[in-house]
Amino acid sequence: MRLLVPAIVAGLFALLVGSTALGSVPIPAATTISIFFHELTGGALPPAACSASVATHQCSIWIEIVWQARVPSLLLALVAGAALALTGGSLQGIFRNPLADPFLLGLSSGAALGAAAIFVLDIDPAHQATILPVAAFLGGIVPGTVIYLAARFSRRGPAVLILSGVALSTFFSAILSAMLLYNPASDVSLNFWLLGSLGSTSWSDDGLVAGVTLVLGAILYLRAREINLLQLGPEVAQSLGVRPERTVQWTVLLTTAITATAVAFTGIIGFVGLIAPHIVRRLAGVDYRRVLPLGALMGGIVLLVAWDVAVAAIPPVVIPVGIPTAFIGAPFLIYLLYRRRAPGGSAADA
Amino acid sequence: MSAPGSATLRVDRLTVRYGGRTALSDVSLEARPGELVALTGPNGSGKSTLLRAVMGLIEPQGGAVVVEGANVPDLELVERARRVAWAPQEEPVGENVSILEYVRYGRHPYLAPFANEGPADHAAVERALRRVDFWEERGRGIAELSGGERQRVRLARVLAQETPLLLLDEPTAFLDIGHQLDALERVRSIARDERRSAVVALHDLNLAARFADRIVVLSHGRCVAAGTPEEVLSPELLADVWGIVADLRRDPATGLPYLVPVLPMDRPPLAGAARPRPMARVHVIAGGGSGAELIPRLAREGFEVSVGAVHLFDSDAELGERLGVAMATETPFTAISPPVAEHLRSLLEACDAIVVAPVPTGSGNLANWSIVAEWAGRRPIALLPMPRDLPWDFTGGAAARLREGILRSGGEELPGVEDVVRWLRIRLADGATRTASRP
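Protein sequence lines, in the order shown, are assigned to chains A and B.
For the first sequence, the numbering used here gives the first residue as 26, with consecutive numbering after it.
For the second sequence, the numbering used here gives the first residue as 6, with consecutive numbering after it.
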């Protein structure tokens with residue numbers, strides 16, 4: 026148990042470094058790794074990046090590819106995975122629903138619709154990076170409100186909440202497809218929004234997503250103990266000094282913002298928010314003070330692995346990252362649905 | 006915090022309405038330090054509602070709930086949670102946390118947002134777990150616990166809150182009798198040792214009488230009785246509030262009152278239960294406790310039972326009296342006199358069948374045998390076997406000879422009460438017996 030956190034962090038870092046070797050341009054792994062450390066330390070480590078046999082010109086292109094294209098994508102995978110896992114984990118907690126996931130609840134597609142609207146409206150690209158998350162958040166408010174109300178007023182068990190989410194999700198995706206198909210001028214691909222992509226990102230985008238996720242995630246973490254108490258039912262939680270309504274409202278609001286920021290730069294990526302918290306529960310127990318932060322790290326790992334698969338599956342083509350996550354996530358969802366007692370607790374007693 | 010001797014909890018004219026329905030009206034009660042107050046009443050009488058209102062989970066329409074001098078609705082939730090702890094009747098199982106983690110939830114009202122539990126919190130959790138004998142097993146997951154264990158762990162969670170007032174809603178629900186006693190004994194000793202007040206909703210009046218310092222009885226949202234078990238428990242209360250007839254007894258071991266519910270004769274025990282033949286009359290010869298099983302069983306089966314002749318204060322006579330059956334009774338320690346014999350004959354004349362219990366016979370009740378012998382052949386007679394290993398005939402063989410005679414002239418010996426019931430159903434099913442033997 027005590028070694029779990031260092032193990033996860035070390036695994037994450039190793040995965041990050043190793044993944045620099047994958048991409049459509051073949052570069053030796055030793056080279057990409059040495060480039061990574063060279064750049065990471067600001068040139069302090071010797072630039073063993075390129076061997077003597079490689080031309081300097083070639084070498085600087087490789088550095089450009091690794092440090093300006095591959096690493097930003099990997100970091101986006103890390104922070105977006107963390108954002109989705111934070112959202113999934115805390116929504117699973119407040120709704121006592123093991124199936125909660127930003128994609129399945131329609132949050133991701135709502136946010137994607139909001140963000141895509143900015144492209145279709147042809148807003149000055151210079152402002153896009155800042156407007157994009159805001160538009161995504163506005164798009165996420167609709168499904169956020171719907172799931173909040175559905176959870177509050179419907180006592181029909183976990184599947185119903187998810188089914189309304191899936192319905193919303195399908196609806197938003199349809200509007201999104203229509204919008205993008207009728208605006209052929211838009212240079213953003215439909216696949217980017219519907220199945221997710223980490224390919225076209227920059228250090229500044231990563232910084233924005235990371236900053237928002239970190240700050241809002243910290244505020245969310247303040248509610249972790251309250252989410253623990255909600256597992257005993259709203260009345261017991263209240264008897265212990267928690268205002269259940271307020272916990273739920275804050276959590277939905279914060280996770281909508283976190284998800285929207287990630288989705289604005291990645292498009293819709295399903296199931297990461299579902300899988301990562303469940304893995305962490307298995308490894309570290311069900312205290313949300315551990316499930317949330319460790320879940321975020323695990324989300325980073327899951328999405329990194331998915332991205333590696335997306336890059337390496339059929340080179341030189343990079344497939345949308347939502348495809349590998351769906352390949353793992355959909356069977357996992359079915360497994361959760363059919364398991365008699367899910368860790369969220371309410372699957373059986375709903 | 007509070008002056009010695011003053012109440013931990015004072016509920017004053019509390020009124021709670023749900024929609025259009027009044028769930029509680031003008032309820033007042035007090036709980037002092039070290040005291041266990043049992044809240045009892047039929048289903049839907051407002052016990053749980055009262056506990057919820059005291060916890061502040063329900064907004065009352067009128068009245069006050071004062072805990073250690075502060076009005077609960079005015080307090081911040083965290084402040085409430087430091088004064089009042091509440092355990093509901095049922096709780097979602099939730100995540101499978103360890104017992105230790107679960108009991109730590111009780112420390113939430115003492116923790117700042119980013120803080121984790123400190124030494125004081127760990128000490129409180131350990132004390133609570135030791136109190137319910139779960140410290141050694143604190144690593145087990147709560148989902149693996151049995152119902153009784155879960156109740157104890159829940160009690161520990163509530164104790165870890167270190168509140169002067171404990172509210173427990175049916176802490177004995179779903180527990181077997183052993184665990185019921187264990188749970189309430191723990192609550193009582195905790196209240197006494199730690200000078201806390203416990204208000205406990207309990208279905209079972211006898212458990213309430215046994216463990217509570219005071220009992221408060223609710224009926225239709227009103228407080229209808231309050232006081233010590235001695236003052237509150239009465240057959241009248243049971244009749245008024247629960248609508249059942251009961252006997253008030255005294256537990257010989259504890260000297261405490263307890264109630265034994267009795268099924269009234271004029272009400273079928275099971276609604277819609279088929280009776281073999283309504284109002285078929287069965288006369289039982291009993292005495293000395295020999296009818297203890299037989300008489301109530303026949304009454305329950307729906308037969309109209311008569312008993313006699315028995316001596317007053319004989320346990321079978323008291324049983325018959327409680328059941329309200331027709332009886333021929335004789336003064337204690339005297340032989341059956343001619344008027345009583347006549348009464349017995351009239352009962353036998355009116356009955357459809359006779360059942361003779363294994364009644365110990367002496368000169369006082371020998372006449373029962375001779376009178377039953379007169380009806381041999383005129384009524385179906387069933388006799389239960391006499392004990393083999395105990396003497397029963399104290400008449401020098403006269404009773405045994407009469408019994409032989411009855412058996413020879415058509416009386417049937419049946420092995421047990423169950424067989425008697427079956428035999429009666431068959432014999433009385435055709436309805437011929439009574440009419441044939443009557444003019």
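Backbone N, C-alpha and C fix where the C-beta goes; we use that ideal spot for every residue, glycine too.
_In the DSSP assignment, the beta strand (DSSP E) including Ser224(B) goes from what residue to what residue?_
As a first step, residue 224(B) must be located in the second sequence, where it is residue number 219. Here the beta strand (DSSP E) through Ser224(B) covers 219-224.
*Ends of the alpha helix (DSSP H) at Glu154(B)?*
If you number the second sequence from 1, residue 154(B) lands on position 149. Its alpha helix (DSSP H) spans residues 152-165.
*Exposed unless 16 or more other CB atoms sit within 10 angstroms - verdict on His113(B)*: Walking along the second sequence from the start, residue 113(B) turns up at place 108. Looking at its Cβ environment, which holds 16 or more other Cβ atoms inside 10 Å, His113(B) is buried.
*On the premise that Gly46(B) lies in contact with Val222(B), defined as a C-beta separation below 8 Å, what is that separation, rounded to the nearest angstrom?*
The residue labelled residue 222(B) in the question sits at position 217 within the second sequence. The residue labelled residue 46(B) in the question sits at position 41 within the second sequence. The Cβ separation is near 6 Å, so the contact holds.
*How big is the Cα-Cα spacing for Arg307(A) and Leu299(A)?*
Taking the first sequence and counting its residues from 1, one reaches residue 307(A) at position 282. Taking the first sequence and counting its residues from 1, one reaches residue 299(A) at position 274. In a straight line, the C-alpha of Arg307(A) is about 13 Å away from that of Leu299(A).
*Give a yes or no on whether 8 Å exceeds the smallest Cβ distance from Asp126(A) to chain B.*
Mapped onto the first sequence, residue 126(A) falls at position 101. Asp126(A) does not count as touching chain B.
*7 Å CB neighbourhood of Val334(A) in its chain, flanking five on each side removed*: Translated into positions along the first sequence, residue 334(A) becomes position 309. So the list reads Pro349, once near-sequence residues are dropped.
_Exposed unless 16 or more other CB atoms sit within 10 angstroms - verdict on His348(B)_ = Numbered from its first residue, the second sequence carries residue 348(B) at position 343. Label assigned to His348(B): buried.
*Nearest to Ala285(A) (by Cα), restricted to the options Ser44(A), Phe38(A), Trp218(A)*: Locating residue 285(A) in the first sequence gives position 260, where the first residue counts as 1. If we check each option's Cα against that of Ala285(A), Trp218(A) comes out closest.
*Contacts around Glu122(B), its chain only, beta-carbon distance under 8 Å, and the 5 residues preceding and following it disregarded*: For the purposes of this step, residue 122(B) is taken as residue 117 along the second sequence, with counting starting at 1. Correct list, in chain order: Arg109, Arg112, Leu116, Val130.
_C-alpha gap between Pro31(A) and Arg18(B), whole angstroms_ = For this step, residue 31(A) is matched to residue 6 along the first sequence. For this step, residue 18(B) is matched to residue 13 along the second sequence. Rounded to whole angstroms, the gap between the alpha carbons of Pro31(A) and Arg18(B) is 59 Å.
*Do Ala314(B) and Ile341(B) have their CB atoms nearer than 8 Å?*
Here residue 314(B) corresponds to residue number 309 of the second sequence, with the count starting at 1. Here residue 341(B) corresponds to residue number 336 of the second sequence, with the count starting at 1. Less than 8 Å divides the Cβ of Ala314(B) from the Cβ of Ile341(B).
*Return the chain-ordered list of same chain residues with a C-beta closer than 7 Å to the C-beta of Asn208(A), the five sequence neighbours on each side being excluded.*
Within the first sequence, numbered from 1, the residue matching residue 208(A) stands at position 183. Here the set comprises Val145.
*Check whether the Cβ of Asp271(B) lies closer than 8 Å to any Cβ atom in chain A.*
Stepping through the second sequence from its first residue, residue 271(B) is reached at position 266. Below a pLDDT of 50, predicted positions are generally treated as unreliable, and Asp271(B), at 47, falls in that range; the measurement from the model is reported next regardless. No, Asp271(B) does not count as interfacial toward chain A.
*Decide yes or no for the touch test of the region 111-118 of chain A against the region 85-101 of chain A: beta carbon pairs closer than 8 Å, at least 3 of them.*
By the Cβ test, the region 111-118 of chain A is not in contact with the region 85-101 of chain A, since fewer than three Cβ pairs between them sit closer than 8 Å.
_Segments of 4+ residues assigned as alpha helix (DSSP H) that fall wholly inside the region 43-76 of chain B_ = DSSP runs (the alpha helix (DSSP H)) wholly in the region 43-76 of chain B: 52-60.
*asked:* Taking the alpha-carbon of Ala43(B) as reference, which of Val163(B), Thr168(B), Arg57(B), Ala214(B) has the nearest alpha-carbon?
replied: Within the second sequence, the letter at position 38 stands for residue 43(B). It is Ala214(B) whose Cα lies nearest to the Cα of Ala43(B).
*What three-state label does DSSP hand Trp275(A) in the structure shown?*
Taking the first residue of the first sequence as 1, we reach residue 275(A) at position 250. Trp275(A): helix per DSSP, three-state reduction.
*Compare the C-beta of Ser222(A) against all C-beta atoms of chain B and say whether one is closer than 8 Å.*
Translated into the one-based positions of the first sequence, residue 222(A) becomes position 197. When Cβ-Cβ separations below 8 Å define contact, Ser222(A) makes no contact with chain B.
*For the putative contact between Gly106(A) and Leu328(A), defined by C-beta atoms under 8 Å, what is the C-beta separation to the nearest angstrom?*
Against the first sequence, residue 106(A) aligns to sequence position 81. Against the first sequence, residue 328(A) aligns to sequence position 303. Indeed they touch by this definition, with Cβ atoms about 3 Å apart.
*asked:* So, with DSSP's three-state summary, where would you put Ile290(B)?
replied: By one-based count along the second sequence, residue 290(B) stands at place 285. Ile290(B) falls in the strand class under three-state DSSP.
_Which of the three DSSP states is assigned to Glu335(B) in this structure?_
Taking the first residue of the second sequence as 1, we reach residue 335(B) at position 330. The answer is strand: DSSP assigns Glu335(B) an E or B state.
*Going straight from the alpha carbon of Ile376(B) to that of Thr366(B), what length do you get?*
On the second sequence, residue 376(B) is found 371 positions in, with the first residue counted as 1. On the second sequence, residue 366(B) is found 361 positions in, with the first residue counted as 1. Computed Cα separation, rounded: 14 Å.
*State the Cα-Cα distance for the pair Val422(B) and Thr233(B), rounded to the nearest angstrom.*
As a working note, residue 422(B) is residue 417 in the second sequence. As a working note, residue 233(B) is residue 228 in the second sequence. Between the alpha carbons of Val422(B) and Thr233(B) lies a gap of roughly 41 Å.
*Under 7 Å Cβ to Cβ from Glu35(B), same chain only, skipping five residues before and after it: list those, please.*
Residue 35(B) sits at position 30 when you count from the first residue of the second sequence. Close CB contacts of Glu35(B) within its chain, under the 7 Å cut and outside five residues either way in sequence, are with Ala12, Leu14, Arg15 (chain order).
_With DSSP as the reference, identify every bridge partner of Tyr263(B), one or two as the case may be._
Numbered from 1 along the second sequence, position 258 holds the residue referred to as residue 263(B). DSSP output for Tyr263(B) lists Arg254(B) as bridge partner(s).
*Just curious, the alpha helix (DSSP H) that Cys84(A) is in, first and last residue?*
What you label residue 84(A) is simply residue 59 of the first sequence in a count that begins at 1. Per DSSP, the unbroken alpha helix (DSSP H) holding Cys84(A) starts and ends at 81-89.
*Alpha carbon to alpha carbon, how far is Trp428(B) from Ala387(B)? Give it in angstroms, no decimals.*
Start at 1 with the first residue of the second sequence, and residue 387(B) comes out as number 382. Start at 1 with the first residue of the second sequence, and residue 428(B) comes out as number 423. Roughly 8 Å between the two C-alpha positions.
*asked:* Looking at Ala148(B): is its Cβ nearer than 8 Å to the Cβ of Asp174(B)?
replied: Stepping through the second sequence from its first residue, residue 148(B) is reached at position 143. Stepping through the second sequence from its first residue, residue 174(B) is reached at position 169. For the pair Ala148(B) and Asp174(B), the CB atoms are not nearer than the 8 Å cut-off.
*Could you spell out the range, first to last residue, of the alpha helix (DSSP H) harbouring Trp3(B)?*
In this structure chain B extends from 6 to 444, so residue 3(B) is not present and cannot be described.
*Look at the Cβ atom of Pro38(B), then the Cβ atom of Arg200(B), and state whether they are nearer than 8 Å.*
Along the second sequence, read from residue 1 onward, the residue named residue 38(B) stands at position 33. Along the second sequence, read from residue 1 onward, the residue named residue 200(B) stands at position 195. The answer is yes: Cβ separation under 8 Å.
*Under 8 Å between beta-carbons, which chain B residues line up against Leu265(A)? List them in chain order, please.*
Position 240 of the first sequence, counted from the start, is the residue given in the question as residue 265(A). Neighbours of Leu265(A) across chain B, judged by C-beta separation under 8 Å: Ala86, Tyr110, Gly111, His113, Pro114, Gln166.
*Any idea what DSSP makes of Arg350(B), helix, strand or coil?*
By 1-based counting over the second sequence, the position of residue 350(B) is 345. DSSP places Arg350(B) in helix when its eight states are reduced to three.
*Tell me which same chain residues have a C-beta within less than 6 Å of the C-beta of Pro385(B), skipping the five on either side of it?*
Within the second sequence, numbered from 1, the residue matching residue 385(B) stands at position 380. Around Pro385(B): Ala358, Arg432.
*Near Ala235(A), what residues of its chain come up, given a Cβ to Cβ distance below 7 Å and the 5 sequence neighbours on each side ignored?*
Numbered from 1 along the first sequence, position 210 holds the residue referred to as residue 235(A). Excluding sequence neighbours, Ala235(A) sits near Val104.
_Excluding the 5 residues flanking Asp271(B) on each side, which residues of the same chain have their C-beta closer than 6 Å to its C-beta?_
Taking the first residue of the second sequence as 1, we reach residue 271(B) at position 266. Caution applies to Asp271(B), whose pLDDT of 47 falls short of 50 and renders its modelled position unreliable; the value that the coordinates give is listed next. Excluding positions up to five away in sequence, the list is empty.
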